[in-house]
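Residue numbers (my numbering): 2 to 296. The C-beta atom is built at its ideal place from N, Cα and C for all residues, glycine as well. Reviewing the structure listed below.
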Amino acid sequence: MFRDTNLRKLSLCTADAASHASLILPTLSTLETLQIRGSYLDRCDLELPLSLQKLTFQECYCSPEWLCILIIALSSIGHHIECELDDLELQSSDTVNTSSSQLQASELTTNLMQCDMSNIELHVKTCSRELFEMFRDTNIRTLALGTAAAVSHISQILPTLSKLETLDLSGSYLERCDLQLPLSLQTLYFLEGYCSPEWLCTLIIALSSLGHHIVCVLFNLELQSSSTVNTSSSQLQASELTTNLTSCDMSNIELRVKIGSRELFGMFRETNIRTLWLGTADAVSHASLILHSAS
C-alpha cells in the first residue's frame, strides 16, 4: 500500500516488519528518517532509499555481519547521513544461530576499512567494546559519544580513526581523562554533562599536544568540585591543575564557552589561549575576573 508514496519517516519495530518492508523501501524516494528495532541475526537485505538522512537503532540487537552490511549500504548512499546507535547490542558470532555463513572478525574489519565512511556521522549512546572494534582504522569523520561508558569502550581504537575531524562528548567524567585523540581532530564538543577539574585539565592538555588549530566547544559543562568527586585515583589539587595548564602551550586552542562557571574559567587563568568565544552574558560575567590575566 505504501509503495512509491512520499513518507518521510518510518519506524520498523520488528525484524519481520523490516523484512516485509525491504522490497518497497527503495521506492520511498522522499524517506528521510528510518528507525529500526528488533533482532537481526542473518545477512542484512535492506535496500535503503537515496533520500535517507538519518538511521536510528533503538532497543536492537544484531549480528556483526548484519551491521557491517548495513554500514556499507549507508556509505554507498554518497551524501551525509546520521547513524544513531541508541541502544544496540552486538551479538558475538558464536551465539548467533543463522543459516547463512558468518563473516569472520577479520573479514568484517577489512570490509569496513575498504569502504568510504566519510559521509557517516556516527552517534553512539549504549554499546560494547566489540562494536567499536568494528570501526577500527575506518575513515569516519564525525563521532558523537553519549555516555562515559561509550568513551571508555572506544578509548583504545580512537587513535586509529585517522580521518576523524569532529568528536562530540556527553555524560559524566569524574576520573582522569584517558582519551588518546587522533591527530586529525579539528573540533571537540562537550554538549551536556559534568566532569571533574582533573578530567578537564587532562583533556585540555591532550588538545594542546595536537599541535594544530583546534576548536573546543564547552556547550553545557558542569564542573564538579574536587570535594564532591568520589574516585579511587588521587585528585590533583587546584594549584597543580593551574600549574599544569599554565605550563602547556594552549595557543592552538580556540575555546568556546556557552554555559560555564566561575570555577571553570578559573582553570584558564594566566594561560596563553589566543581565541575565546563567550556565548552568554553569564559566561562573560564569570570570565571577567580572569580575562585580564590572559597573556
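Proximal residues to residue i (C-beta, below 6 Å), its chain only, five neighbours per side dropped
i           : result
residue 117 : 76
residue 145 : 124 and 169
residue 85  : 57 and 124
residue 41  : 16, 63 and 67
residue 188 : 167 and 216
residue 252 : 273 and 275
residue 280 : 259
residue 237 : Annotation note: pLDDT 49 at residue 237 (below 50); position unreliable, coordinate value reported separately. Contacts found: 199.
residue 223 : 195
residue 193 : 171 and 221
Contact under 8 Å by Cβ, residue i with residue j
i           : j           : result
residue 112 : residue 69  : yes
residue 164 : residue 197 : no
residue 53  : residue 71  : no
residue 109 : residue 141 : no
residue 61  : residue 37  : yes
residue 173 : residue 190 : no
residue 291 : residue 257 : no
residue 284 : residue 259 : yes
residue 39  : residue 22  : no
residue 128 : residue 182 : no
residue 4   : residue 28  : yes
residue 11  : residue 24  : no
residue 214 : residue 255 : yes
residue 175 : residue 211 : no
residue 289 : residue 250 : no
residue 148 : residue 122 : no
Coarse secondary structure for residue i, derived from DSSP in three states
i           : result
residue 194 : strand
residue 116 : coil
residue 121 : strand
residue 290 : helix
residue 20  : helix
residue 138 : coil
residue 283 : helix
residue 167 : strand
residue 3   : coil
residue 158 : coil
residue 245 : helix
residue 172 : strand
residue 199 : helix
residue 272 : coil
residue 257 : strand
residue 75  : helix
residue 13  : strand
residue 277 : strand
residue 33  : coil
Residue(s) in a DSSP beta bridge with residue i
i           : result
residue 83  : 55 and 122
residue 90  : 62
residue 39  : 61
residue 215 : 254
residue 222 : 194
Residues of its chain near residue i, where Cβ-Cβ distance is below 8 Å and the 5 sequence neighbours each way are ignored
i           : result
residue 177 : 199, 200, 203 and 234
residue 246 : 202, 205, 206, 268, 269 and 272
residue 180 : 152, 156, 159, 204 and 207
residue 287 : 261, 262, 263, 265 and 266
residue 154 : 128, 129, 130, 132 and 133
residue 293 : none
7 Å Cβ shell around residue i - same chain, five flanking residues per side excluded
i           : result
residue 30  : 50 and 52
residue 138 : 114 and 161
residue 59  : 36, 38, 87 and 88
residue 80  : 120
Closer than 7 Å: residue i CB and nearest the ligand PLP heavy atom
i           : result
residue 263 : Inclusion of the ligand PLP in the displayed structure is not the case, the ligand content being empty and no account of it being possible.
| Contact between the segment 193-208 and the segment 217-226: three or more CB pairs below 8 Å? | yes
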